[in-house]
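**Student:** Taken in order, the sequence shown gives residues 8 to 260; the numbers are from the numbering used here. The beta-carbon is built from N, C-alpha and C at its ideal position, and this holds for glycine as well.
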Amino acid sequence: MTLVDLHRLPRHVAIIMDGNGRWAQDQGRIRSIGHREGSRAVRRTVRAARRLGVDALTLFAFSEQNWHRPGPEVAALMELLREYLISEREELMENGIRLRAVGRVDKLPSSVRDVLDALVADTAHLDGMTLTLALSYGGREELVDAARALASEVAAGRLTPDAIDEAALEAHVPSVDVGRVDLLIRTGGEQRISNFLLWGAAYAELHFTPRLWPEFEAEDLYQAIRAFQSRQRRFGRVTTLHAEPEPISSAGE
Ligand code: IPE
Ligand code: IPE
Ligand code: MG
Numbered sequence: 008m009t010l011v012d013l014h015r016l017p018r019h020v021a022i023i024m025d026g027n028g029r030w031a032q033d034q035g036r037i038r039s040i041g042h043r044e045g046s047r048a049v050r051r052t053v054r055a056a057r058r059l060g061v062d063a064l065t066l067f068a069f070s071e072q073n074w075h076r077p078g079p080e081v082a083a084l085m086e087l088l089r090e091y092l093i094s095e096r097e098e099l100m101e102n103g104i105r106l107r108a109v110g111r112v113d114k115l116p117s118s119v120r121d122v123l124d125a126l127v128a129d130t131a132h133l134d135g136m137t138l139t140l141a142l143s144y145g146g147r148e149e150l151v152d153a154a155r156a157l158a159s160e161v162a163a164g165r166l167t168p169d170a171i172d173e174a175a176l177e178a179h180v181p182s183v184d185v186g187r188v189d190l191l192i193r194t195g196g197e198q199r200i201s202n203f204l205l206w207g208a209a210y211a212e213l214h215f216t217p218r219l220w221p222e223f224e225a226e227d228l229y230q231a232i233r234a235f236q237s238r239q240r241r242f243g244r245v246t247t248l249h250a251e252p253e254p255i256s257s258a259g260e
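1) Can F69 be considered in contact with ligand 2, in the sense that its beta carbon sits closer than 7 Å to one or more heavy atoms?
2) When you measure from the CB of G195 to every non-hydrogen atom of ligand 3, does any distance come out below 7 Å?
3) Excluding the 5 residues preceding and the 5 following R147 in the sequence, name in chain order all residues of the same chain whose CB lies nearer than 8 Å to its CB.
4) Is it buried or exposed, T246, if we count other Cβ atoms within 10 angstroms and call 16 or more buried?
5) Helix, strand or coil: how does DSSP classify M100 here?
6) Beta-carbon within less than 6 Å of R105's beta-carbon, same chain only, minus the 5 sequence neighbours each way: which residues are those?
7) Applying the 10 Å Cβ sphere with the 16-neighbour rule, what's the burial state of L10?
8) Residues in its own chain within less than 6 Å of G207 by CB, not counting five upstream and five downstream?
9) Quick one: does the C-beta of G28 sit closer than 7 Å to a heavy atom of ligand 3?
10) Taking the CB atoms as reference points, tell me whether P254 and N27 lie closer together than 8 Å.
11) What is the rounded straight-line gap between the Cα of G135 and the Cα of R244?
12) Using three-state DSSP, classify G259 as helix, strand or coil.
13) How about I37 and A31: do their beta carbons lie closer than 8 Å?
14) Can you give me the C-alpha to C-alpha distance between P17 and S159, rounded to a whole angstrom?
15) Within 10 angstroms of the Cβ of T194, are there 16 or more other Cβ atoms? Answer buried if so, exposed if not.
16) Between the C-alpha atoms of E44 and A175, what's the straight-line distance to the nearest angstrom?
17) Thinking C-beta only, is A55 closer than 8 Å to A225?
18) Report yes if the C-beta of M85 is less than 7 Å from at least one heavy atom of ligand 1; otherwise report no.
19) I think H14 touches V185, with their Cβ atoms under 8 Å apart; what is that distance to the nearest whole Å?
20) Count the other CB atoms, across all protein chains shown, that sit within 10 Å of the CB of S118; report buried if there are 16 or more and exposed otherwise.
21) Can you tell me the Cβ-Cβ gap for Y144 and E71, rounded? I've got them flagged as a contact below 8 Å.
Next up, the structure:
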């Protein structure tokens, strides 16, 4: 087995944590049991990524579209999220992990918002790794919000339409604050993006695994990173580049 090359780590890893429901179903149990087991996999994965030295880990925990699931399942997911944020507080702080959230978090129940806001504030100064939870998140929704923000700047006379370039739009896309995605992993066997980081993942290397999220282990993360390290990233060019080039700003051209 080849080892992970620690000098060529993906800087920003994002994961679509899928397959909790099917895992529970396979055991003849209700879906929320799968979500509970899934939160253990989150703990393992955050630890493994931190130990490796990954800079940024973004986890798709709840999509904007997931609100349309049955009420009891949504309620169970919210309660698990609250429990996760409470139980992981010490470990995140001890390991220098900065927590962030992206998505329409104002839609989360206040019982979750309160612990989330407190942990985001209390870990804001940490720089060991940035853990971003995508909550009530949708890639299209995020781009709509960015378009609205730019339109307001234009309406206020602070920006001209000609000055809108990639960098200007990106400044309003919170999910790329920690950099564009290098490696996007999806568990659970489906091969789709499901409205995750549409902008930031434009040139991400994709890794799909049939492993159901509750069964995801550190070794699965290493495997995905080894696969990433075997790829050639070209970004439309002919040379092999390790990281995505910075957006070219048209300002001042
Ligand atoms: C992922 O697992 C967790 C969330 C979407 C919140 P699923 O609940 O989608 O599990 P499957 O895809 O039905 O197995
Ligand atoms: C994507 O999984 C959302 C999360 C992992 C939170 P879904 O299970 O909601 O996606 P679809 O429905 O299979 O596209
Ligand atoms: Mg699913």
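**Tutor:** In brief:
1) Correct: F69 has its Cβ closer than 7 Å to ligand 2.
2) For ligand 3, at least one heavy atom lies less than 7 Å from the Cβ of G195.
3) Answer for R147: N202, L205, listed in chain order.
4) It counts as exposed.
5) Of the three classes helix, strand and coil, the one that applies to M100 here is helix, per DSSP.
6) Once the five neighbours on either side are set aside, the close Cβ partners of R105 are T130, L133, T137.
7) Counting the other Cβ atoms within 10 Å of the Cβ of L10 gives fewer than 16, which makes it exposed.
8) Excluding sequence positions up to five before and after G207, its CB lies within less than 6 Å of the CB of S182, V183, R187, V188, all in the same chain and listed in chain order.
9) Proximity of the beta carbon of G28 to ligand 3 is indicated: a heavy atom of the ligand is located closer than 7 Å.
10) No.
11) For the pair G135 and R244, the Cα-to-Cα distance works out to about 33 Å.
12) A caution first: G259 carries a pLDDT of 41, below 50, which makes its placement in the model too unreliable to give a value.
13) The Cβ-Cβ distance between I37 and A31 falls below 8 Å.
14) Cα to Cα, P17 sits roughly 35 Å from S159.
15) Burial of T194 is indicated by the presence of at least 16 other C-beta atoms within 10 angstroms of its C-beta.
16) The alpha-carbon atoms of E44 and A175 are separated by roughly 40 Å.
17) Less than 8 Å separates the beta-carbon of A225 from that of A55.
18) M85 has its CB no nearer than 7 Å to any heavy atom of ligand 1.
19) Not really, about 20 Å apart at Cβ, beyond 8 Å.
20) Under this definition S118 is an exposed residue.
21) About 6 Å separates the beta carbons of Y144 and E71, which is inside the 8 Å limit, making them a contact pair.
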